[in-house]
Structure formats: structure tokens, C-alpha cells
Amino acid sequence: MYWLIGSLIIIAMMGVLAVADSMAIPTSSSLMDILNTPILSLSLIIFAIILIVIAQFNVPFAKPSHLSQHNAGLSSRNPSYNISHKSKLFFRISNHVLVAVLAIGLIIGSALQALISHQQAELTEITEPMRVQALVTIEGISDSVYDVATDSGYRQVAVISDISPLMSALAVKDLDAMTSNFLIDENNSLSNNKLYENNSNNNNGKNVTYRVLLNAYPKKPSKQSSKKNLDSNPFDRLNYLQPGDQLFMSLALAPLATSEQALSNPSGFDSYRWLRGRHIDGVANILTVGTSNVTNTEVSKPAFASSSYLQRFQTYINQGRWQLRQHFYQDWSTQTTAAQQAKAVTLSLLTGDRSLINHDTKDLYQLAGISHLLAISGTHVLFLAIMLAGAAVLLFDRLWPRIYRYVPRWQVRWWVMIAAAFIYALFTGFDVPAARTAWMLFAIGLVRLTLLPVSTMRVLFALAVLMAWLDPYVLWQAGYWLSFIAVALLLKYDDASYTQSAVVSETAPAHNASVVETAFKRVWIIVKRVFKLQFWLFIALLPITLLLFGKASLWGLVINLFAIGLFGWVIVPLNLLAGLCYLLSPAIADSIWLLVSAIVAKLHELITWLTSLPALSEAWLYTPVNVAILLMVLLSMLPWLLPRGFISRWLALPPLTLLMMTVYANQQSLTTISTLYILPTGDPYISAALLQYPVVNNEQSSTTNTHKTNISWLFLSDHRPNAARTMPSNLKANKLSMTLAQQLGSLSVDTLEGIVVQSSSAGLTDTLTTDKTYLASNASASELLPLTVFQLNQRLPISQYWQAGRSDHWSAFQQAYKVTSQSKDITNISVQRCEQGKTWQLGNGGLSIQALTGWSNIDSPSVWDCTVAIDASLPIRVLKYNAADPLKSIPATAQTLTSSSQPPTHQANMPRARLILNADTHQRIWQMWTLLCPVEPPEQPRTFRNVTWLGHSTSQITAEVISRQAINEMITYDGKMPEATLSLNPAVDTTNTTP
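So in this note's numbering, the last spot in the sequence shown is 1226, and the numbers never skip.
Printed below as a string of C-alpha cells:
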């Protein structure tokens, strides 16, 4: 019953949040006034305590058979016994009814708690974009630092108040003048409270506050500014804002992207749920930053001044975290990247501050499967609590042993551990793992103090439900699930291993063994137990990891074997010791941190070498997992989770068989149906499309492996028009290639038959630069796609590469990147021109790809772009790729054009469908095609059953070309139709491209 009620509570809250997020639910302010979140949470806790007490003291027991026969005889001779027996039966039924009512009330109350929390968040969220000037109060420390040299942006949670619409652009001096006027007004309002109240009533808009995520990103490369020269870039001073600082800024506010809009994220990361889980009301892009802080506490805002003692205490702790970051950030630009990242990881392991860790290091830890070690886990909190508790007990033993007459030794240790755990959890941001450890210490000590017969597993489960009651949005955090599930698996494994070790110790033969042999056996037992534990955790957490992140690193099974021990027994203790020494002697702490950074740097080198081995390059496991698959995994593991002999373990075979069949069917559905996936890139003008076509009847081309079951082609294009001014692309080649590799892996694509870059590149024709920074991070839009192809070729095999326009400098381009990247293991790829008439096809002609445009022999880049036509004998469905769940990729929205063309004549080997991938950036492309391509007579029957056009709304295609190509469906990457469709066919029907 305990586990059933708790599971139903979690499921009910998750269901309410999911339904409220997907559909509009009317808000009720009266309901929220009556049942606010703190009162409802307290009521749920009281009801849960009553339910536990009733269930604990009403444990059913079995009566022996001779007692039941004796009671039957008494009931026949004594009528009063029947009355007492009936009263006991009535009391038991009433007790069960009360338990059921309380359980149902807890479930309904939990669902109501989730609904009220969602409605409160809806009332405070930003609903429309606007430009404002506001007073910004910094809350906590930033998620990243502003650094132009490394292209790192500033991300900071803050509270904005005194909001006014921005009428015109403000300079720094204007914001400083606003700060002076604000201080004068606040002084006057404090001297005349009535006047302040009247002004506040007349200015209700200024009393509105929002909790936002501040963003500021570098716009152009420049040298990193120092603190002494902040005037060179006003945004550089953002790194020196402490928690609790208040200053005026001009901001561009924007609402949170919904979960549906988050599907366009190339990585599948749901930013809406992540921000909503942190109680963020909107996003604010910083336009201008003032230089004057509102530092006078006597005139600070009433809302900020009236904050609770706990909030002030947390602000002081966050200021300590910020000062420690500044200590690590000293002389940052003078150090090498390896030294910087070693110090950044050291800081993250101490305070949970990952702001100094760059993307490459995060990707390295993800590839190694040890990114969980960067978070402050229960190990960090427990180590510090044990260290401080041991020191406190030692001091009491030496200085004041009389205290043990009043308080037992374990209680002294327990109170010190609780205080240390909660303070350190606050110091690290009070994330779910740290908070869970602190509350676990408190709950387990409380159980021991009250002598309640409650297991540790039940305490853990009760804490999971309690944290969900206090904050329902914690259910949207991956750390919540991974933390509690991992600890539950550790507890289960510890119980099983303890039982097995006890049995082995009792049955082990007694014999005289040497010391070396005994030590060797003990070491072997420890190594075997560590491997079994790691294998158990990896297999058990694999489904939930795939469900939450969509991928899992196979390297984690190997690297965690030594990394967990190195972090847990060497790096973390030394790091915590240095943190304690920093309070007394920063010089000693720096010496210890220098040693820790050296160990971390060597670890990074080892992991980089291991993950770069060619034989073990396939490290990612991509298997789409949904709730149904997770349920089958749970049913398969259930016989092993329950006590031995409770149910037969052979019962795990049916769900395990069904699980294997489901996973295989899901993988086959991704490869056996001809599909064109529109892949999100993060840039509205950069498009990527993946064609997956199944190979049947031994179809093959001259370059195709006969053992392949499908053919995959990738098409890349830049649709920025030459005649219009657009924002330059912020995409980088390394980021785009990594994103594409992950997307291809999730679609079970391990090799590409070819890549077609449909946009021409000036970098392959003009003078080539060999600057590494330019090549890797600041390539122009024309060089972005070729460089992406080159980097993608290092991640998976590519047979062919077609490039629009001229590519005379491609070999020099590859050689320059090989020299500047200082890497020996770089694979070259030859380039072919994508120009009109170029064709590729399967052996029997079931699939062919041909270039319709592209004339590189003409000295004008305006006619170099290459539009490609895909002719297939099988229908091709066009799907918008869902990075979060590829199996749920939805059909792309198409507009059907009513055509007066006659229906196609059915022929034996006639291709069933044609898909045109358009990539023009200038109107001369289709003008040239109209001049060079012959005009078909109107009486000639159509060659294709269905012609679909896929392009961008900026396309310069004309109505004449659409008519001559006999296009009857049009799809765009950005969801907007080009102007030619309006003149050709004003009335269009919106359909889905499902075959």
C-alpha cells in the first residue's frame, strides 16, 4: 500500500502538469487564494502522517488454527463474544475505509497542488515581447561568464521591478541618471510614507516583478576586457555583479518558448521545462547596463528589504560562492585552455558552479559517461558532513567530554552532520542531489531517535513525494529522477550484496592462507564487487537515461570504474579539505587546489586519449525510449528487485521478449520506410534534410555496400538571399557538425552515401585563411557548410561529397585545417561539383538524385546554387524531426496546389514521386533554368505521380517554373510560403505529407 499510494501521487502530479501544459485551463484566483501552495503542502503532510500512523498500528496478523476453532466454540456458547467480534469487524472495516479515504484525498490533493502551482506560474509569466527599462536584482550566481575571446555568453537569474516601457535607446549615462533619480525618489518616499503609497497606487505597473533569465552574448570578436578597462565593452562588467546587487538595465523581454516550439531545438533540449522548473517567468536579453548600483540598503526596494532571514542568509552564501569563483578566475586569460578547464572542474566539484566550464569539456564528460560527477552529489555532502562531525566529536572528546552525559555521542555527530549538510547544500545551490542527502540525514536520524520501524528505502520514497509536494515542477528535472532512482538502486544492491557476503562468509572453508594470498583475494573481491555494482547501475539506469536524454555513452561502463573511485576518494576529499583551509589560509588552499587541478588535467588527457581510439569510436547508444518501453523494462527487472523466491524469475522472460521485439520494431521503422527528415539546425536560414531510402531486391549502386539495408543522403543549404540584408549566422561548424552527428545517430545512421551542399562557398574560391580561430569558430556563412562536412567526415564515413559552385581550393582548405588543428588522425574527403546534369542512382533506377541547377562554368556566383531532384519508385514521406523523440516526428505541413495538368499515365517503371530540394538565393538561377531547359509540349503526359517542392520562403522561384515542373505540393523549412504561390494559386489546402 505504501508504494502504491506514493506511486499514484507522483503519477497524478505528472499527469496534471502534462495536461495543464498541453491545453489551456482557466485560472481561478479565488481557488488559489483559498488553497495556496504552502497551506496545501502542509495539509498533505498532515494527512500523510495520519495515514502512516493508522496503517502502522493496524497491522493484520494471522491467528493459529486451534485459536480459531476455540473462538468458534466460544461464539456458539457466549452471545457477548459475537457482539465484541462484530464490533471489532466494524472497527476494522471503518479503519480500512478511513485509510482508503485518506489515500484518495492525498492523491486528489496532490493533483490539486500541481494544478495550483501551474496556475500560479501562468499568472506571473511574461506573455508578449516588449522592450523595457527596469531595476534588476541579481539572484544567485550566473550560469556562465561573459567572455568574447571564447564566445561565451552571460546567463543570470534575476528579479526585475520598476518596469517602464522603453521609448528610445538608452545609453549608459541615461541609466546612471535613472539610478540617481531613483535614489532621490526613494529617500523622499521614506521620509513621507503616505506619499510613497499614493505614488505606488498611481503606478501599479511599476509594482509588477518578474523572475527572468538575463542573457548577453558577444556580437563580434575582440580582445578580452579587464576589470580596469570596463569602458571598452559595457557587458564585461556583468561578470563583476554580485548576488544581491541592484542596478538599472534596458532589456528586451520575451516569453518562454512552449514545449511545442522547443521541438525545433536541434539537440532536443526542452528549454521551456528547464526554465519553468527553475520558476523563470521569461527571458530578458540585455541591451544596456548601467554602471551605478543601488547600494544604499536604507533606500532599497521594500520587497527586497522585507525578504526573509533565510533568503538573506542564502544571499550571503551566494556572495561567498561568487567570491570563490573570482578567486579561481584570477589571471584566467594568461593560462592555457587545459589549465583553465582543470580549475573550472575543480571549482564545479567544490561549489557546483559550472560557469567556467566550456562546451568542449562538457562534451568530453558526456562522451565519457561521467557528466554526473560534475554535479554536487550526495557523496560531496556526505564527505564534508563526516569530516566536520569527526572533527567536532574529537574536539568534544578532548575539551568537553561532559556533554555526553546529556547528549549521546551519535546525536552530537548527527546534529553536526545535519548542520554541515544543509549549509553546504545551500552553498552549492541546494540542487536536488544535495538537498536529498541533507534531508535523508535528518530523516534517518529522526527515525533512529524515535525508534520507528521504518526502512531506509521508505524514507527515501517519502522524501521523493515530499519534495514533489513542496515544488511540483521538480518532477520536470532530470536530476530528481536520476538522484532518487540511483540511490534506491544502491540501497537495493547493498542489501543483496550484504546477504550474499554473509552467506559466503558462513560457508567459506577455514584454512591457513598466507598474508599475500589473503590480501590478493580481498582485492579481487573488492574489484569484482565494484565491477558488478557499476554494471548493475549502468544497466538499471540505461532506460531512464535514454528516456530523459535520448542517448547514453557506452564509455560510462568503463571509465566510471576508475573515475568514480578517483573522484570519490581522492579529488573530492582533497577539494573539500582545500575549501575548509581557504577559510583559514588561502595560500594552503591554493597549494591543495594546484594538486587537484593537476590530477584533473591528467584525467582529461587520459579520457581524451581513450575516447579518440578508432576501434572504440562508436560510443553513443541511440535508442528511442518511451513510457511503454520503460514499463516493460520495469516488469523485466521486477523479479530481481523483489526478494528471492517471492516470484519466479522466469516471469521476466515475457516482458523481456516483448521489450526486444518493440525496440527492434522501432529501429526498423526508422530504416525501412522511405523518409526525408527536416533536421533543425538552430538557424532559420540554414537547412538540413536527411533522406533515408530502403534498399530492396538487392538494389545497389557502384559505390554502395551490398550489405546495406538503406541509403542515406544529407542535404545542406544556406537560404540567405543575396538581395536582402539579414542577420549573420551565429552557428559554428563544430557545433553544427556535432548536432548533425547526434541527429543521424538517433536515426540509426552510421554511414552516409553522400552529402550535398547546395549553396556555393566563396571560401573555396577566394584567398584561404589559415587562422585556427577563424576556421573553427568564426567561419563565414559561405564556409560554414563545407567546414561542417569536413568535421562530420571525422565522425562517420561519407562516400560522396557534392559541392555547389567552384571548389578549387578544397584540398588546400582541408590541409589548412589539418595544420591548424594539429591533429594527425584526420580523414580527407574528395569533392565533386554539384552542377546541372549531375546524377546518381541505384542499380535498378528505383532511386535517383540529379542536379537541376548549378552552372559553375559561368563567372557569376549567382547561378552556382544547386537545386536537387529526388526521383523514387516508392513514396517518400516528409517529416519534421523531433530531437526529443525521433519516433514522434510529425509530418511536415504541405500546401496542395490545384493543378490543371492531366493525371499521370501509369507506366511500368515510372517513378512514383519526385521531391525537389530548392536552394536558390538569386532570381538568376531559375531565369537560367528557364532559358536552358526545353519546354515540354502541353499534350505530353506527366512523368511523375506526385511532385513535392521543399525550399525556403525566401526562394526566388516563379509561378512559371512551378507550372513547368508540375509541382502539386509545396513545403518550406520555415513554415512560410514563397510569394510565387500567392500569384499562382491563392486558394491552397493545408495537408500533411503522409504517403
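Even for Gly, the Cβ is constructed at its ideal location relative to N, Cα and C. Fair warning: this is a prediction, and the values are worked out from it, not measured in the lab.
Proximity test, residue i beta-carbon vs the ligand FAD heavy atom, cut-off 8 angstroms
i: F322; result: In terms of ligand content, the structure shown is empty, and the ligand FAD therefore cannot be addressed.
Where residue i falls, given that 16 or more other Cβ within 10 Å makes a residue buried
i: D1061; result: The sequence shown places Ser at residue 1061, rather than the Asp named in the question. S1061 comes out exposed.
i: I277; result: exposed
i: F762; result: exposed
i: Q477; result: buried
i: P632; result: exposed
i: D981; result: exposed
i: I607; result: buried
i: F751; result: exposed
i: I280; result: exposed
i: S481; result: buried
i: L181; result: Given that the chain is displayed from residue 232 to residue 1226, the structure contains no residue 181 and the question cannot be resolved.
i: K1207; result: exposed
i: I601; result: buried
i: L613; result: buried
i: N429; result: The pLDDT assigned to N429 is 42, lower than 50, so where the model puts this residue is not dependable; a value taken from the coordinates is nonetheless given after this. It is exposed - the Cβ of N429 has fewer than 16 other Cβ atoms within 10 Å.
i: R323; result: exposed
i: K458; result: Note that K458 has pLDDT 44, beneath the 50 cutoff, so the model's placement of it is unreliable and no number is given.
i: W840; result: exposed
i: E359; result: exposed
Unbroken beta strand (DSSP E) run spanning residue i, endpoints
i: G1182; result: N1177 to G1182
i: D949; result: N941 to D949
i: Q1034; result: I1029 to A1035
i: A1144; result: A1144 to L1148
i: A919; result: I917 to P925
i: T1070; result: T1070 to Q1072
i: A1082; result: L1078 to A1082
Beta-carbon contacts of residue i that lie in its chain and below 6 angstroms, excluding the five residues immediately before and after
i: I904; result: none
i: P952; result: T1152 and T1185
i: G508; result: Y704, W707 and Q708
i: M648; result: A616, A620 and L672
i: R1155; result: S1093 and V1094
Spatial distance of residue i from residue j (CA atoms)
i: I1080; j: S1038; result: 20 angstroms
i: L193; j: Y916; result: Lying outside 232 to 1226, the shown extent of the chain, residue 193 is not represented and no answer is given.
i: T1124; j: T970; result: 24 angstroms
i: L814; j: A1115; result: 45 angstroms
i: P885; j: S867; result: 8 angstroms
i: F479; j: A365; result: 6 angstroms
i: S943; j: Q597; result: 27 angstroms
i: L604; j: I775; result: 18 angstroms
i: P664; j: V690; result: 15 angstroms
i: Y448; j: S383; result: 7 angstroms
i: L807; j: A695; result: 27 angstroms
i: V974; j: W800; result: Strictly speaking, residue 974 in this sequence is Gln, with Val absent from that position. If you take the alpha carbons of Q974 and W800, they lie about 37 angstroms apart.
i: F401; j: I517; result: It should be noted that the sequence gives Leu, not Phe, for residue 401. Computed Cα separation, rounded: 12 angstroms.
i: Q1072; j: Y1032; result: 15 angstroms
i: L1118; j: V685; result: 43 angstroms
i: N589; j: I338; result: 43 angstroms
i: T1058; j: F1021; result: 8 angstroms
i: D501; j: I909; result: 19 angstroms
i: E529; j: N470; result: At E529, the pLDDT of 47 sits below 50, so the modelled position is not reliable; the number obtained from the coordinates is stated separately. In a straight line, the C-alpha of E529 is about 26 angstroms away from that of N470.
Residue range of the alpha helix (DSSP H) that includes residue i
i: V761; result: V746 to F780
i: V827; result: P817 to T842
i: Q557; result: Y540 to F559
i: Q571; result: T568 to T582
i: E356; result: From DSSP, E356 is part of no alpha helix (DSSP H); its letter is neither H nor E.
Min CB distance residue i to chain B below 9 angstroms
i: I1202; result: In the structure shown, chain B does not exist; there is a single protein chain.
Contact set for residue i: own chain, Cβ-Cβ below 7 angstroms, skip 5 residues either direction
i: A1211; result: I1188, T1189, A1190 and I1193
i: W641; result: none
i: Y924; result: S905, N941, I942, L1078 and A1103
Same chain, Cβ closer than 8 angstroms to residue i, five either side skipped, listed in chain order
i: V403; result: P465, T519, V520, G521 and T522
**Item:** Any 3 or more C-beta pairs closer than 8 angstroms across the segment 382-392 and the segment 441-449
**Value:** Short answer: they touch.
Within the chosen definition, does the segment 773-789 reach the segment 636-644 through at least 3 CB pairs nearer than 8 angstroms? Taking 8 angstroms as the limit for Cβ pairs, the verdict is that the segment 636-644 does not touch the segment 773-789.
query: Does the segment 406-414 come within contact of the segment 352-360, defined as at least 3 CB pairs closer than 8 angstroms?
result: In this structure the segment 406-414 does not touch the segment 352-360; the number of beta carbon pairs closer than 8 angstroms is below three.
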